[in-house]
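Numbering (the numbering used here), first residue to last: 1 to 147.
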């Protein structure tokens, strides 16, 4: 057997899982095309660590997604104003007209985690924003996981 010195060392662990939970997990894996349970568990661990290691000063990348009623008075103007106020953090914005009244907006963000969270709180708290969420990835944690 050839030893690949470039591959990271792996620890073998054992898990106890209820049969129904495991069947559901396997179904999700099969549908999503994940290579195997081990890779899926590693992905879950990485995701949790990114959430737990949430240093507010960490350089981060994020998406802010919101659905809003474009007829809400002054909302479009407020979103434009906020975009200009935070131009250094907002890398790009995608705007989609869902129907006659509703718009979907997705903002690609980069900056300190604390600043991105504050920006999201400001945007999601605007009158007329019906739903939304922030997904943040701490770049240093992801670099460690990849390295």
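Cβ coordinates follow ideal geometry from the N, Cα and C atoms, glycine included.
Item	Value
Beta strand (DSSP E) segment containing residue 138, residue limits	129-138
Counterpart residues of residue 111 in DSSP-defined beta bridges	60
Straight-line Cα distance separating residue 111 from residue 73	30 Å
Touch test, the region 56-67 against the region 114-133, Cβ-Cβ under 8 Å, three pairs minimum	yes
Expected contact under 8 Å - CB spacing of residue 126 and residue 78 to nearest Å	6 Å
Selected residue, minimal CA-CA separation from residue 86, among 12, 123 and 104	123
CB contact flag (residue 68, residue 106, <8 Å)	no
DSSP three-state assignment for residue 123, whether helix, strand or coil	helix
Range of the contiguous alpha helix (DSSP H) that encloses residue 10	Looking at the DSSP string, residue 10 is not in any alpha helix (DSSP H), and its letter there is neither H nor E.
Nearest neighbour of residue 18, chosen from 98, 26 and 12 [CA to CA]	26
Residues near residue 148 by beta carbon distance below 7 Å, same chain, minus five either side	Summary: the structure shown does not reach residue 148, with the chain confined to residues 1 through 147, and so no result is reported for it.
Enclosing alpha helix (DSSP H) for residue 84 [first to last residue]	75-85
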